[in-house]
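Comments concern the structure below.
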Amino acid sequence: MTKVRILYFASLREKVGRQAEEVELPSGVATVAALRSHLRDRGGVYQDAFSENALLRAAVNQDMVQSAAAIKAGDEVAFFPPVTGG
Amino acid sequence: MKVSVQKEDFDLGIEVKAISNDPRIGAVASFIGLVRDVEMTLEHYPGMTERAIANIVEEAKGRWQVMDFTVIHRYGALKPNDQIVLVAVASGHRGDAFAACEFIMDYLKTQAPFWKKEQAAGGARWVEAKASDDQAAERWK
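As they're listed, the protein sequences go chains A and B.
So the first sequence is residues 40 to 125, counted in our numbering.
So the second sequence is residues 394 to 534, counted in our numbering.
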């Protein structure tokens, strides 16, 4: 398997216009930060949704992580705005 | 020992009673969060939400005596004055019950994947996270 499953939530889900997708992991993309840049470089709605200024959080396999966290094929990676529950 | 992410409302009396059965329990502290002014929809990340809440409770158990607990968080459409969240902690004494309850609530605000979308007069808008919530969670470190 060479793909990761990416999930989007809340305002980010609305911006990219989908809640999930399978993405082929390019060689060299091994962290959350690198995946985020990769998505931004797709352009279009992704350019804005994943811009440097966008305040986003991430989870890998359902654990909240920092942007330096490692990712690998088969992972479930979620991007979302800071949480507002409670 | 219950974590529930649900659409349905809950009853404080029933939930407190359910975690008060052990005769060694001398204190139950509970917190309920309510919808303030406007209608809203709560979105969450099924699977991760339950996991995040369970992790927060585990952390609390490492710090205080938690003999039983219930955390309920609702999602979906909610109206002003509706109950959103319940945290109830049973312990031997009040100090541990109060502290663990507040800790769980503070961490839930910053770690559990929920997002509120308010139906304001000018249309729907996503609620932005507050720095004060991060600070509330930080003080436990």
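By construction, the Cβ of each residue, glycine as well, lies at the ideal position given by its N, Cα and C atoms.
Short Cβ contact (8 Å threshold) for residue i with residue j
i, j, result
"B:Leu471", "B:Leu501", "no"
"A:Ala117", "B:Tyr438", "yes"
"A:Ala88", "A:Val55", "yes"
"B:Ile461", "B:Ile425", "The sequence shown places Asp at residue 461 of chain B, not Ile. No. Outside cutoff."
"B:Ala529", "B:Asp489", "no"
"B:Ala481", "B:Val421", "yes"
"B:Ser484", "B:Gln512", "no"
"A:Ala49", "A:Pro120", "yes"
"B:Pro473", "B:Asp404", "no"
"A:Thr70", "A:Ile110", "yes"
"B:Lys510", "B:Met441", "no"
"A:Val84", "A:His77", "no"
"A:Asp80", "A:Val99", "no"
"B:His466", "B:Val450", "no"
"A:Ala112", "A:Val43", "yes"
"B:Ile446", "B:Val464", "yes"
"B:Ala505", "A:Val122", "yes"
"B:Asp475", "B:Thr503", "no"
"A:Ser106", "A:Arg57", "no"
"B:Ala453", "B:Ile497", "yes"
Residue range of the unbroken alpha helix (DSSP H) whose run includes residue i
i, result
"B:Gly406", "405-411"
"A:Leu94", "Unbroken run through A:Leu94: none, as it is neither H nor E."
Span of the beta strand (DSSP E), counted from its first residue to its last, around residue i
i, result
"A:Ala59", "59-63"
"A:Glu115", "115-119"
"B:Val398", "395-399"
"A:Lys111", "Looking at the DSSP string, A:Lys111 is not in any beta strand (DSSP E), and its letter there is neither H nor E."
"A:Arg52", "Looking at the DSSP string, A:Arg52 is not in any beta strand (DSSP E); the run it does join, the alpha helix (DSSP H), is 49-55."
"A:Val71", "Taken as a continuous stretch (DSSP letters only), A:Val71 belongs to no beta strand (DSSP E), being part of the alpha helix (DSSP H) at 71-79."
"A:Ala104", "Looking at the sequence provided, one finds Val at residue 104 of chain A rather than Ala. From DSSP, the beta strand (DSSP E) with A:Val104 extends over 102-104."
Residue i CB to nearest heavy atom of the ligand FAD below 7 Å
i, result
"B:Phe491", "Summarising the ligand content, the structure contains no ligands, and the ligand FAD is consequently not present."
Would you list, in sequence order, the uninterrupted beta strand (DSSP E) runs of no fewer than 3 residues that lie entirely inside the stretch 425-485 of chain B?
Entirely contained in the stretch 425-485 of chain B, the beta strand (DSSP E) runs reaching 3 residues are, in chain order, 433-437, 461-467, 469-471, 476-484.
Contacting positions in the stretch 85-106 of chain A - beta carbon closer than 7 Å to chain B:
Listed by position along the chain: Ala98, Gln101, Met103.
Say whether the stretch 86-105 of chain A touches the stretch 400-416 of chain B, bearing in mind that this needs 3 or more beta-carbon pairs closer than 8 Å, one atom from each stretch.
Under the three-pair Cβ rule at 8 Å, the stretch 86-105 of chain A does not count as touching the stretch 400-416 of chain B.
Write down every uninterrupted run of the alpha helix (DSSP H) in the stretch 497-534 of chain B whose length is 4 residues or greater and which is fully enclosed by it, in chain order.
Within the stretch 497-534 of chain B, the complete alpha helix (DSSP H) runs of at least 4 residues are 524-531.
Against chain A: residues of the stretch 478-506 of chain B by CB proximity under 7 Å
Going along the stretch 478-506 of chain B in chain order, one finds Val478, Met498, Leu501, Lys502, Thr503, Gln504, Ala505, Pro506 with a Cβ nearer than 7 Å to chain A.
For the stretch 59-71 of chain A, list every residue whose C-beta sits within 9 Å of some C-beta in chain B, in sequence order.
Of all residues in the stretch 59-71 of chain A, none is placed with a Cβ closer than 9 Å to any Cβ belonging to chain B.
Taking Cβ-Cβ distances below 9 Å as the criterion, which residues of the stretch 519-531 of chain B are in contact with chain A?
Taking 9 Å as the cut-off between beta carbons, the residues of the stretch 519-531 of chain B near chain A are Trp519, Val520, Glu521, Ala522, Lys523, Asp526, Asp527, in sequence order.
Residues of the stretch 399-426 of chain B with a CB closer than 8 Å to any CB of chain A: list them in chain order, please.
Listed by position, the residues of the stretch 399-426 of chain B near chain A (Cβ gap below 8 Å) are Gly426.
Mind listing which residues of the stretch 449-472 of chain B have their C-beta closer than 8 Å to chain A's C-betas, in chain order?
For the stretch 449-472 of chain B, which is checked against every Cβ of chain A, the residues closer than 8 Å are His466.
Which residues, in chain order, does the stretch 107-120 of chain A contribute to contact with chain B at a C-beta distance below 8 Å?
Taking a C-beta cut-off of 8 Å against chain B, the contacting residues of the stretch 107-120 of chain A are Ala117, Phe119, Pro120, listed in chain order.
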